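J.:
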Amino acid sequence: MKIVVMGAGAVGSLFGARLAEAGHAVLLVARPEHAAAVAAHGLTVRNRTETVVRLSATSELPPHLVADAALLTVKTFDLPSASHRLARSLDRPVPTLLPQNGLGFEEAVRASLTGGGWVDPAAWMVPAVNTVPATWIAPGVVRAAGTGEVLLPQAADPPTPGSPVGLFERVLREAGFPVRTVAEFDREVWRKLLVNAAINPVTAIRGVPNGRLLREPERSEALALLREALRTARACGHDFSETEAIADLDRIAQATAENRSSMLQDLDRGRPTEIESISGELVRRAAAHGLDLTATRAIAEEIRRRVVRSARRPQPS
Ligand code: KPL
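Quick note on our numbering: the sequence shown kicks off at 1240 and runs consecutively.
(1) Please name the residue, chosen from Ser1322, Ala1350 and Leu1329, that lies closest to Ala1339 on a Cα-to-Cα basis.
(2) Who are Ile1514's beta bridge partners in DSSP?
(3) With distances taken Cα to Cα, identify the nearest neighbour of Ser1518 among Pro1334, Asn1435 and Arg1445.
(4) Using three-state DSSP, classify Asn1369 as helix, strand or coil.
(5) Quick one: is Ala1361 near chain B, going by C-beta distance under 8 angstroms?
(6) Tell me whether Ser1518, by its Cβ, gets closer than 7 angstroms to a heavy atom of the ligand KPL.
(7) Could you check whether the region 1278-1288 touches the region 1322-1337, counting it as contact only if at least three pairs of C-beta atoms, one from each stretch, sit closer than 8 angstroms?
(8) To which residues of the same chain is Glu1289 closer than 8 angstroms at the C-beta, ignoring the five residues directly before and after it?
(9) Could you check the C-alpha separation between Thr1312 and Gly1248 for me, to the nearest Å?
(10) So, Leu1433 versus Ala1474, is the Cβ gap smaller than 8 angstroms?
(11) Could you please give me the residues that DSSP links to Glu1289 through a beta bridge?
(12) For the ligand FAD, is there any heavy atom lying closer than 7 angstroms to the beta carbon of Ser1501?
(13) Check whether the Cβ of Val1434 lies closer than 7 angstroms to any heavy atom of the ligand KPL, and answer yes or no.
(14) Tell me the rounded alpha-carbon separation between Thr1482 and Gly1509.
(15) Go ahead and pull the three-state DSSP assignment for Val1250.
(16) Below 8 angstroms between beta carbons: does that hold for Phe1407 and Arg1257?
(17) What does the Cβ neighbour count give for Asp1505, buried or exposed, with the cut at 16 atoms within 10 Å?
(18) May I have the straight-line CA-CA distance separating Val1250 from Arg1382, to the nearest angstrom?
(19) In the structure shown, what three-state DSSP assignment does Arg1382 receive?
(20) Nearest to Val1371 by CA position, among Arg1523, Ala1494, Ala1550 and Lys1314, is which residue?
(21) Taking the CB atoms as reference points, tell me whether Leu1318 and Val1348 lie closer together than 8 angstroms.
(22) Would a C-beta distance cut-off of 8 angstroms place Leu1503 and Gly1450 closer than the cut-off?
(23) Helix or strand or just coil, what does DSSP make of Val1404?
(24) Within 8 angstroms, do at least three Cβ pairs link the region 1259-1268 to the region 1293-1309?
(25) Output needed for His1303: all residues of its chain with C-beta closer than 7 angstroms, excluding positions within five of it in sequence on either side, in chain order.
(26) Thinking C-alpha only, which one of Ala1306, Ala1275 and Phe1344 is nearest Lys1314?
(27) With DSSP as the reference, identify every bridge partner of Met1364, one or two as the case may be.
(28) Per DSSP, what kind of secondary structure is Arg1389 in: helix, strand or coil?
(29) Enumerate, from N- to C-terminal direction, the unbroken alpha helix (DSSP H) stretches of 4 or more residues contained entirely within the region 1414-1468.
(30) Are there any heavy atoms of the ligand KPL lying less than 7 angstroms away from the beta-carbon of Ile1376, as far as the coordinates show?
(31) With distances taken from CA atoms, which of Pro1332, Arg1470, Val1441 and Leu1532 is nearest Gly1356?
(32) Indicate whether Arg1543 and Ile1514 have their beta-carbon atoms separated by less than 8 angstroms.
(33) Ignore the nearest five residues each way along the sequence and tell me which others in Ala1384's own chain have a CB closer than 8 angstroms to its CB.
(34) Kindly indicate which residue of His1273, Arg1536, Gly1476 and Trp1363 has the alpha-carbon position closest to the one of Gly1246.
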């Protein structure tokens, strides 16, 4: 199959590499320095060993792109423009995976795909909850930084192999990713949101890998954020017990102990972060229920300040 990975940073590149190794013709659409390095030398994936995977890469979408499926792995703040450009470039709508963190972006993607010429974009969009971690090392080099899984929404009827969900279920599993389809997909989106709301801002502010949240003082900071997110989830109708939410946090912090969270990687590279679709969205939804998330609001403010400060620094390429 021809698969385009739009927004191939750490996670997109890792997914692209595994899909290419499984025999698919993968095109990474990435920032110029990464695309140039991959096109010239292949993509190096570090794990315990190092593998070089040969695949196509470009920084410019061609005008008449032919593909059978797309992975939209840009960050949430880039989704509207990336999905619009992807729709304009592809010769026809294709099943499109959306493995983003956070909430509140699907409507904007739908509108952008429609603006790019797709009729009924929702029929092609496959939201996913991804916990497979990846770390950006340098242009052309990423690290598979632990274990995770991909959750997909279970269709009301069993998905057929040709349906968008069935297609991603098959190709991702064949490429070696643990994949599960879940009936209560929204609940799983919230479950991941609780974890991101605790892990991402604390690791980003402290500059530490995820595993440090298993120790003090980071643990108490993360738990304070987790409890606020949990109150919001309950107010929004998603009831998790505190024990369950802490167990999820510990499990993911352990499985991705060596990983630098995506928010920390963004700050490191002087890029915008997903703070709005994670903590910002929680604060807004909590407020709609009369709740004030003091710790979440404060750490989100600090992240916003750091983004402004780091954007002023000269950036590594
Ligand atoms: O989703 C992640 C992220 O970094 O955004 C986790 C699962 C926390 C892995 O780092």
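Note that the Cβ used here is the ideal one computed from N, Cα and C, for glycine as well.
Nothing here was measured: the structure is a model prediction, and the numbers come from that model.
T.: Concretely, from the data shown:
(1) Taking the first residue of the sequence shown as position 1, residue 1339 is located at position 100. The question names Ala, but residue 1339 in the sequence shown is Gln. Selection Ser1322, Ala1350 and Leu1329 evaluated against Gln1339 yields Ser1322 as nearest (Cα-Cα).
(2) Here residue 1514 refers to the residue found at position 275 of the sequence shown. Its beta-bridge partners do not exist; DSSP assigns none.
(3) Locating residue 1518 in the sequence shown gives position 279, where the first residue counts as 1. Selected option, being the one with the closest Cα: Asn1435.
(4) What you label residue 1369 is simply residue 130 of the sequence shown in a count that begins at 1. Three-state result, Asn1369: strand.
(5) No chain B appears in this structure, which consists of one protein chain only.
(6) In the sequence shown, the residue the question calls residue 1518 occupies position 279. Of the heavy atoms belonging to the ligand KPL, none sits nearer than 7 angstroms to the Cβ of Ser1518.
(7) Contact between the region 1278-1288 and the region 1322-1337 is not established, with fewer than three Cβ pairs separated by less than 8 angstroms.
(8) Here residue 1289 refers to the residue found at position 50 of the sequence shown. For Glu1289, where only same-chain residues beyond five positions count, the Cβ hits under 8 angstroms are Thr1283.
(9) Here residue 1312 is taken as the residue at index 73 of the sequence shown, counted from 1. Here residue 1248 is taken as the residue at index 9 of the sequence shown, counted from 1. Going by the C-alpha atoms only, they are around 8 angstroms apart.
(10) Stepping through the sequence shown from its first residue, residue 1433 is reached at position 194. Stepping through the sequence shown from its first residue, residue 1474 is reached at position 235. Against a cut-off of 8 angstroms, the Cβ pair of Ala1474 and Leu1433 comes out as no contact.
(11) For this step, residue 1289 is matched to residue 50 along the sequence shown. Glu1289 pairs with Arg1285.
(12) For the ligand FAD, the structure offers nothing, since it holds only the ligand KPL.
(13) For the purposes of this step, residue 1434 is identified with residue 195 of the sequence shown, where counting begins at 1. Yes, the ligand KPL has a heavy atom inside 7 angstroms of this Cβ.
(14) Looking up residue 1482 in the sequence shown gives position 243. Looking up residue 1509 in the sequence shown gives position 270. The alpha-carbon separation between Thr1482 and Gly1509 amounts to approximately 36 angstroms.
(15) Residue numbering aside, residue 1250 sits at position 11 when the sequence shown is read from its first letter. Val1250 sits in a helix when the DSSP states are folded into three classes.
(16) Here residue 1407 corresponds to residue number 168 of the sequence shown, with the count starting at 1. Here residue 1257 corresponds to residue number 18 of the sequence shown, with the count starting at 1. Their beta carbons are not under 8 angstroms apart, which means Phe1407 does not touch Arg1257 by this criterion.
(17) Position 266 of the sequence shown, counting from 1, holds the residue named residue 1505. So Asp1505 counts as buried.
(18) Mapped onto the sequence shown, residue 1250 falls at position 11. Mapped onto the sequence shown, residue 1382 falls at position 143. Answer to the nearest angstrom: the Cα atoms are 9 angstroms apart.
(19) Translated into the one-based positions of the sequence shown, residue 1382 becomes position 143. Residue state, collapsed to three classes: strand.
(20) Taking the first residue of the sequence shown as position 1, residue 1371 is located at position 132. Nearest to Val1371 by C-alpha distance, out of Arg1523, Ala1494, Ala1550 and Lys1314, is Ala1494.
(21) Residue numbering aside, residue 1318 sits at position 79 when the sequence shown is read from its first letter. Residue numbering aside, residue 1348 sits at position 109 when the sequence shown is read from its first letter. Their beta carbons are under 8 angstroms apart, which means Leu1318 touches Val1348 by this criterion.
(22) In the sequence shown, counting from the first residue as 1, residue 1503 sits at position 264. In the sequence shown, counting from the first residue as 1, residue 1450 sits at position 211. Contact: no.
(23) If you number the sequence shown from 1, residue 1404 lands on position 165. Note: Val1404 maps to helix in three-state DSSP.
(24) Note that the region 1293-1309 touches the region 1259-1268; at least 3 beta-carbon pairs, one per stretch, sit closer than 8 angstroms.
(25) Locating residue 1303 in the sequence shown gives position 64, counting from the first residue. Within the same chain, Asp1330 come within 7 angstroms of His1303 by CB-CB distance, once the 5 residues on both sides are set aside.
(26) Indexing the sequence shown from 1 puts residue 1314 at position 75. Here the closest residue by C-alpha is Phe1344.
(27) As a first step, residue 1364 must be located in the sequence shown, where it is residue number 125. Met1364 is bridged to Thr1335.
(28) Position 150 of the sequence shown, counted from the start, is the residue given in the question as residue 1389. Per the sequence presented here, residue 1389 reads as Val, with Arg not at that position. If DSSP states are grouped into helix, strand and coil, Val1389 belongs with the strands.
(29) Here the runs fully enclosed are 1424-1445.
(30) Position 137 of the sequence shown, counting from 1, holds the residue named residue 1376. For the ligand KPL, no non-hydrogen atom lies closer than 7 angstroms to the CB of Ile1376.
(31) Counting from one through the sequence shown, the residue named residue 1356 turns up at place 117. Per the Cα distances, Pro1332.
(32) By 1-based counting over the sequence shown, the position of residue 1543 is 304. By 1-based counting over the sequence shown, the position of residue 1514 is 275. Yes, Cβ-Cβ distance for Arg1543 and Ile1514 is below 8 angstroms.
(33) Along the sequence shown, one-based indexing puts residue 1384 at 145. Hits under 8 angstroms: Pro1372, Ala1373, Thr1374, Thr1495, Glu1497, Asn1498 and Arg1499.
(34) The sequence position of residue 1246 within the sequence shown is 7, counting from 1. When only C-alpha atoms are compared, the closest one is His1273.
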